[in-house]
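**Q** Below you'll find the structure I mean.
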Amino acid sequence: MDPRERILSTAVRLFFAQGYAQTGINQLIDESGLARRTFYHHFESKEALGAAYLDFAAGQWLANLGAAFDGRRTARSAVTSLFEVLESFALETRFRGCGLLNMAAEFADAGSEMRARVQRYKDAQRKLLREKFRDLGAAPTYADQVHLLLEGAIAGASAHLDVWPLRTARTAALALLPEEESRR
């Protein structure tokens, strides 16, 4: 792994586990095992690393959501797959929630670049869901409903340290399908 990847990998782990504000540059440098000079060669500031973290996390998140649709022929099967992916994610991350929203919550200023970046990624997530569900014959409003259900379910799973919010949201998403789709 090259030095930039090591720093980013360390940031992904630490920002997700303890938060952006609670993670100092000294800890990032120490835990990545690299020199301070190497850190600043690749990232001019902690904010630049934060932006790279968001880019990386969003890319992985969108890829995982997109993969949930692979091979699916109905909206019903896609919803089931999507919430299975989310449940696995919640269990693997010990219910830490959405790394993007966790990061946004640390920036109170609605005009901050970090919050704007998160909003762009969440818009990209909504667009992806709309495209994927459209390809399966579902309406854009259905994709938006699923989008909100999954966002709420991730927050609920994080708050309750349990998968029941994800399972309940999946049931709700399936119940929202038009009757003809529900029978497939």
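According to my numbering, the sequence shown is numbered sequentially starting from -14. All residues carry an ideal CB built from backbone N, CA and C; glycine is no exception. Being a predicted model, the structure only gives us computed values, none of them experimental.
Go to ARG115, then tell me how far its alpha helix (DSSP H) extends in each direction, as first and last residue.
**A** Unbroken alpha helix (DSSP H) run through ARG115: 98 to 120.
**Q** Please determine, among ALA36, HIS27, SER73 and ASP108, the residue with the shortest C-alpha to C-alpha distance to ASN49.
**A** SER73
**Q** Just mark SER30 as buried or exposed, buried being the case when its beta carbon has 16 or more other beta carbons within 10 Å.
**A** exposed
**Q** Take the Cβ of ALA20 as the centre, count every other Cβ of all protein chains shown within 10 Å, and call the residue buried at 16 or more, exposed below.
**A** exposed
**Q** Would LEU135 and ARG61 be called neighbours here (beta carbons separated by less than 8 Å)?
**A** No, they are not a contact pair.
**Q** Can you confirm whether the stretch 22 to 41 touches the stretch 87 to 107 when touching is taken to mean that 3 or more C-beta pairs between the two stretches lie within less than 8 Å?
**A** yes
**Q** Quick one: Cα of SER(-6) to Cα of ALA42, how far?
**A** 10 Å
**Q** Just to confirm my understanding: we take LEU121, look at its own chain, exclude 5 residues before and 5 after, and list those with CB closer than 8 Å. What are they?
**A** Once the five neighbours on either side are set aside, the close Cβ partners of LEU121 are PHE54, ARG57, ARG58, THR59, ALA60 and ALA63.
**Q** Please identify the residue among MET88, GLY82, ASP(-13) and SER17 whose C-alpha is closest to the C-alpha of PHE0.
**A** MET88
**Q** Tell me which residues share the same chain as THR23 and place their Cβ nearer than 6 Å to its Cβ, disregarding the 5 neighbours each side in the sequence.
**A** PRO(-12)
**Q** Shortest alpha-carbon distance to VAL148 belongs to which of ALA138, ALA157 and CYS83?
**A** ALA138
**Q** Of the residues ALA142, GLN104, GLY82 and ALA140, which one's Cα is nearest the Cα of GLY4?
**A** GLY82
**Q** Do ALA6 and GLU116 count as a contact pair if the criterion is CB distance below 8 Å?
**A** no
**Q** What are the boundary residues of the alpha helix (DSSP H) that SER(-6) is part of?
**A** -12 to 3
**Q** Run through DSSP, which three-state label would THR153 get?
**A** helix
**Q** Could you give the distance in angstroms between the alpha-carbon of ASN11 and the alpha-carbon of GLU(-10)?
**A** 17 Å
**Q** With GLU29 as the anchor, note down where its alpha helix (DSSP H) starts and where it stops.
**A** GLU29 -> no alpha helix (DSSP H), and no H or E assigned at all.
**Q** CA-CA distance, ALA124 and ALA160?
**A** Roughly 15 Å separates the two Cα atoms.
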